[in-house]
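J.: Using numbering that gives the first Met the number 0, read the sequence shown as starting at 0 and increasing by one per residue.
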Amino acid sequence: MRACVIPLLTLAASAPAQPALFAAGGQVWTVESDGSIGTVATPGPVAELFGALADGRLVAGAGPIERDAPHEITRGLSLRLIEPGGAETVIAGDVLRAYPAPVGDDVLFITVNRDSRLWDGARVIDLGIERRASHFAWWPDGRAAALTCFDPDWTEQRQSNPDNTEEFLRMNNNDIHRLDLETGALTPLVVHPEADWAPSISPDGTQMLFNSTRLGGHAAMFVMDLATGDIRCLDEPTPGARYGENLPVALVGQTVWTGDGRLVYATARPDESREVRIVDLDGQGAAALGDGARPQLMAAGTVAVQTDDGELAVLALPEVE
Numbered sequence: 000m001r002a003c004v005i006p007l008l009t010l011a012a013s014a015p016a017q018p019a020l021f022a023a024g025g026q027v028w029t030v031e032s033d034g035s036i037g038t039v040a041t042p043g044p045v046a047e048l049f050g051a052l053a054d055g056r057l058v059a060g061a062g063p064i065e066r067d068a069p070h071e072i073t074r075g076l077s078l079r080l081i082e083p084g085g086a087e088t089v090i091a092g093d094v095l096r097a098y099p100a101p102v103g104d105d106v107l108f109i110t111v112n113r114d115s116r117l118w119d120g121a122r123v124i125d126l127g128i129e130r131r132a133s134h135f136a137w138w139p140d141g142r143a144a145a146l147t148c149f150d151p152d153w154t155e156q157r158q159s160n161p162d163n164t165e166e167f168l169r170m171n172n173n174d175i176h177r178l179d180l181e182t183g184a185l186t187p188l189v190v191h192p193e194a195d196w197a198p199s200i201s202p203d204g205t206q207m208l209f210n211s212t213r214l215g216g217h218a219a220m221f222v223m224d225l226a227t228g229d230i231r232c233l234d235e236p237t238p239g240a241r242y243g244e245n246l247p248v249a250l251v252g253q254t255v256w257t258g259d260g261r262l263v264y265a266t267a268r269p270d271e272s273r274e275v276r277i278v279d280l281d282g283q284g285a286a287a288l289g290d291g292a293r294p295q296l297m298a299a300g301t302v303a304v305q306t307d308d309g310e311l312a313v314l315a316l317p318e319v320e
């Protein structure tokens, strides 16, 4: 079996040589830049693949997330480390999402109650964060992470069924903080009356991409200079524009920095199907690359993606103009 290789203009750029990893049908699949596919031995079915540690161990979730009602999760995933040979270590239960560090053994994860936890390679540590966690994004050195979070009294039920307008606005207003893993300090990065979410840190640790509705309630992508705090919008949205006329925003955790001044990211169309797009960091050169999500940068200027029907594909990036 081979992935579909969709040729665009090829870019010769340095990128990781390791295969991309995806979970589908309970298995973990590898995809090479030439489109060849393989599988990884696992001790049992994998429901969710959160990534891999630097030493090759997979961070995966087993078992389904169970709900009593649409907004009441009663059981989360079993979080596991899978060795290259197939042996596994169970880290924790009732996990919603997990984030392996780019270096070392650390794994940040979020429980179904939206508590923030850290696996330090030996034990689980309660980070003692009162704010309810939505998602993390690591700094490249593994010493800090951006945390998108809500007020301490936030619940999924209250967000979906608020008592009044004030509660609706507060329950839907998430902000972005910086978590220092060495000190445990949580400091605000982006705080605004409108929602801010989906942070992604550049490979050199100097910039942060994020989504926000701060421009009249319309979602747009912004880039923050982490040294100065300056924020600029990649493409100011035009009210009432159709899909594609404004720059669509990135799905959470699905942004790739190419290293040549561009971003590859997945977004959702109005019909909820997903596509992969590319844009320059100055907001220029926006283009759709093809159907799919979960883009992973590979060698020879390509990205591997997973389509909505579970198929795997390799997309070549356009040349830098």
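Using N, Cα and C, we set each Cβ at its ideal position, and we do this for glycine too. All of these numbers come straight from a predicted model, not from anything done at the bench.
Since Pro-139 and Pro-198 should fall inside the 8 Å C-beta cutoff, what is the C-beta to C-beta distance between them, to a whole number of angstroms?
T.: That pair is no contact at about 13 Å.
J.: Just the Cα atoms here: how many angstroms apart are Leu-146 and His-176?
T.: Between Leu-146 and His-176, the C-alpha separation is close to 5 Å.
J.: Among the candidates Ala-97, Arg-157, Arg-130, whose CA atom is the shortest distance from the CA of Val-123?
T.: That would be Ala-97, whose Cα lies nearest to the Cα of Val-123.
J.: Using CA coordinates, which residue listed in Ile-81, Arg-261, Pro-269 is at the minimum distance from Asn-245?
T.: Comparing Cα positions, the closest option is Pro-269.
J.: Which residue or residues does DSSP assign as beta-bridge partners of Ile-81?
T.: Answer is Leu-57, Glu-87.
J.: For Glu-65, which of Asp-93, Val-58, Ala-86 has the nearest alpha-carbon?
T.: Taking only the C-alpha atoms, the option nearest Glu-65 is Asp-93.
J.: Could you give the first and the last residue of the continuous beta strand (DSSP E) run that contains Glu-166?
T.: Run containing Glu-166: none in the beta strand (DSSP E); it sits in the alpha helix (DSSP H), 164-170.
J.: Check the C-beta distance from Val-275 over to Leu-314 and give it rounded, since I have them as a contact under 8 Å.
T.: Sure, about 6 Å apart at Cβ, within 8 Å.
J.: Quick check on DSSP: helix, strand or coil for Glu-155?
T.: Helix.
J.: Would you mind working out which of Thr-73, Gly-34, Arg-79 sits nearest Pro-44, comparing C-alpha positions?
T.: With distances taken between Cα atoms, Pro-44 lies closest to Arg-79.
J.: Expressed to the nearest angstrom, what Euclidean distance is found between the alpha-carbon atoms of Val-30 and Gln-295?
T.: Cα to Cα, the separation comes out at about 10 Å.
J.: Could you check what DSSP says for Asp-195 in three-state terms: helix, strand or coil?
T.: Three-state result, Asp-195: strand.
J.: Looking only at its chain, what residues have a beta carbon closer than 7 Å to the beta carbon of Thr-306, apart from the 5 residues adjacent to it on each side?
T.: Correct list, in chain order: Asp-290, Gly-291, Ala-312.
J.: Which stretch, first to last residue, makes up the beta strand (DSSP E) that contains Ser-115?
T.: Counting along the chain, the beta strand (DSSP E) containing Ser-115 begins and ends at 115-118.
J.: Does His-134 pass the burial test, meaning 16 or more other C-beta atoms within 10 Å, or should it be called exposed?
T.: Answer is buried; the Cβ neighbour count reaches 16.
J.: Take Gly-215 and list the residues in its own chain whose beta-carbon comes closer than 7 Å to its own, dropping the five residues that flank it on each side.
T.: Around Gly-215: Pro-238.
J.: How about Ala-46 and Pro-63: are their beta carbons less than 8 Å apart?
T.: Yes, they are a contact pair.
J.: With a Cβ-Cβ cutoff of 8 Å, do Gly-50 and Asp-105 count as a contact?
T.: In this structure, Asp-105 does not lie closer than 8 Å to Gly-50 by Cβ.
J.: When the Cα atoms are used, what is the spatial distance from Trp-256 to Gln-206?
T.: Those two C-alpha atoms are separated by around 11 Å.
J.: Taking the CB atoms as reference points, tell me whether Val-248 and Met-223 lie closer together than 8 Å.
T.: Not a contact, by the Cβ cut-off of 8 Å.
J.: So, using beta-carbon positions, are Thr-301 and Ser-32 closer together than 8 Å?
T.: Taking 8 Å as the Cβ cut-off, Thr-301 and Ser-32 qualify as a contacting pair.
J.: So Ala-194 and Asn-160 are supposed to be a Cβ contact under 8 Å. How far apart are they, rounded?
T.: So it is not a contact: roughly 18 Å between Cβ atoms.
J.: Put Gln-283 into one of helix, strand or coil per three-state DSSP.
T.: Note: Gln-283 maps to coil in three-state DSSP.
J.: Secondary structure at Asp-307, three-state DSSP: helix, strand or coil?
T.: Coil, per DSSP.
J.: Under the rule that 16 or more other beta-carbon atoms within 10 Å means buried, what is Arg-231, buried or exposed?
T.: Label assigned to Arg-231: exposed.
J.: Going by C-alpha distance, which of Leu-280, Gly-282, Thr-254, Glu-271 is nearest Ala-303?
T.: The shortest Cα separation from Ala-303 among Leu-280, Gly-282, Thr-254, Glu-271 belongs to Thr-254.
J.: Which one or two residues does DSSP pair with Asn-210 in a beta bridge?
T.: The partner list for Asn-210 (beta bridge, DSSP) reads Trp-196, Met-220.
J.: Give a single yes or no on whether Ala-145 has its beta carbon closer than 7 Å to a heavy atom of the ligand ATP.
T.: Questions concerning the ligand ATP fall outside what the structure shown contains, since it holds no ligand whatsoever.
J.: Skipping 5 residues on each side, what residues in its chain have a beta carbon closer than 8 Å to that of Ile-128?
T.: Asp-114, Ser-115, Leu-146, Cys-148, Leu-178, Leu-185.
J.: Could you give the DSSP three-state label for Glu-65: helix, strand or coil?
T.: If DSSP states are grouped into helix, strand and coil, Glu-65 belongs with the strands.
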